[in-house]
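Protein chains in written order, with our numbering: chain Y, 1 to 114; chain V, 1001 to 1109. Here a beta-carbon is modelled for each residue, glycine too, at the ideal position from N, C-alpha and C. Below is one structure, written out as structure tokens; comments come after it.
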């Protein structure tokens, strides 16, 4: 069982380009999340999905979009990347959303926008 | 927004004990989590407290006082592999998880 996988591992991107970060989980968890982690700021929630077909905004959603077509996949898209989106992005999942269930994290994607 | 505070860095000697404090002010409370994160890796779950008191798991223990908005993570018999960042996270009244900036623990021989 792989758990949560993310792709790519790292990416350097020119400002203005479109980029999709991929996240797949094989645990049949209903809820999935995207966070960004910046030095001194900790993990901040970008978007979440409590079940396939639904999504919600987190603390820092601007400039990002998500979709949840099925249970396993939760891609994060940057429509037009800007340097302030340089960060490490973590995908996470939990059995259910809106509960006290533990969140489990993927290995992360390190994104640099120049 | 939520306010979660923890020290930035701590250093301790191998075999010693270290206590990482976390204070929080959130809109509602539905539990407090501690995660461990080694450099360049994903956070991994360590402990969960929702009621006041101490939860013990081997060398790691976590304490919660809801009335004081306070928790600590206690690491005993420190080993070199315990060098990592430790993240305090609080689930608020809307079940959103908010993280502190993390405490980097360095274990020295």
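I'd like the span of the beta strand (DSSP E) that includes residue i, first residue to last.
i                       : result
residue 1083 of chain V : No beta strand (DSSP E) contains residue 1083 of chain V, which DSSP labels as neither H nor E.
residue 1019 of chain V : 1018-1025
residue 74 of chain Y   : Here residue 74 of chain Y belongs to no beta strand (DSSP E), and DSSP marks it neither H nor E.
residue 42 of chain Y   : 42-49
residue 9 of chain Y    : Run containing residue 9 of chain Y: none; DSSP gives neither H nor E here.
residue 37 of chain Y   : 31-38
residue 1071 of chain V : 1070-1075
Tell whether a beta-carbon distance below 8 Å holds between residue i and residue j.
i                       : j                       : result
residue 74 of chain Y   : residue 94 of chain Y   : no
residue 1095 of chain V : residue 58 of chain Y   : no
residue 40 of chain Y   : residue 1016 of chain V : no
residue 25 of chain Y   : residue 72 of chain Y   : yes
residue 1099 of chain V : residue 21 of chain Y   : no
residue 1046 of chain V : residue 1029 of chain V : no
When the Cα atoms are used, what is the spatial distance from residue i to residue j?
i                       : j                       : result
residue 53 of chain Y   : residue 69 of chain Y   : 6 Å
residue 1069 of chain V : residue 17 of chain Y   : 43 Å
residue 1057 of chain V : residue 79 of chain Y   : 44 Å
residue 1091 of chain V : residue 19 of chain Y   : 30 Å
residue 1086 of chain V : residue 1066 of chain V : 20 Å
residue 1008 of chain V : residue 12 of chain Y   : 29 Å
residue 112 of chain Y  : residue 1076 of chain V : 38 Å
residue 1088 of chain V : residue 1051 of chain V : 16 Å
residue 8 of chain Y    : residue 1104 of chain V : 27 Å
residue 1063 of chain V : residue 56 of chain Y   : 32 Å
residue 1034 of chain V : residue 1048 of chain V : 7 Å
residue 46 of chain Y   : residue 1039 of chain V : 22 Å
residue 1078 of chain V : residue 1037 of chain V : 16 Å
residue 1019 of chain V : residue 85 of chain Y   : 34 Å
residue 65 of chain Y   : residue 1004 of chain V : 27 Å
residue 1021 of chain V : residue 1010 of chain V : 11 Å
residue 28 of chain Y   : residue 103 of chain Y  : 13 Å
residue 1106 of chain V : residue 1081 of chain V : 9 Å
residue 83 of chain Y   : residue 1084 of chain V : 28 Å
residue 30 of chain Y   : residue 1013 of chain V : 42 Å
residue 1071 of chain V : residue 1053 of chain V : 9 Å
Given the structure, does residue i come close to the ligand NAP, in the sense that its CB is under 7 Å from one of the ligand's heavy atoms?
i                       : result
residue 1021 of chain V : Absence of the ligand NAP from the depicted structure is noted, as is the absence of any ligand whatsoever, leaving it without description.
For residue i, which residues does DSSP report across the bridge?
i                       : result
residue 4 of chain Y    : Y:25
residue 1049 of chain V : V:1032
residue 1057 of chain V : V:1060
residue 1103 of chain V : V:1086
Contact residues within the stretch 100-113 of chain Y, judged by C-beta distance below 8 Å to chain V:
Taking 8 Å as the Cβ-Cβ cut-off against chain V, the residues of the stretch 100-113 of chain Y that qualify are 100, 102, 103, 104, 105, 106, 107, 108.
Residues of the stretch 76-100 of chain Y with Cβ closer than 8 Å to any Cβ of chain V, in chain order:
90, 97, 98, 99, 100
Short-range partners of chain Y found in the stretch 1043-1069 of chain V, where Cβ spacing is below 9 Å:
1043, 1044, 1045, 1048, 1050
Residues in the stretch 33-51 of chain Y with C-beta within 7 Å of chain V's C-beta atoms, listed in sequence order?
40, 41, 42, 43, 45
According to a CB-to-CB cut-off of less than 9 Å, which residues of the stretch 1027-1041 of chain V neighbour chain Y?
1030, 1031, 1033, 1035, 1037, 1040, 1041
What residues from the stretch 1088-1107 of chain V come within 7 Å of chain Y, judged by C-beta to C-beta, listed N to C?
1091, 1095, 1096, 1097, 1099, 1100, 1101, 1102
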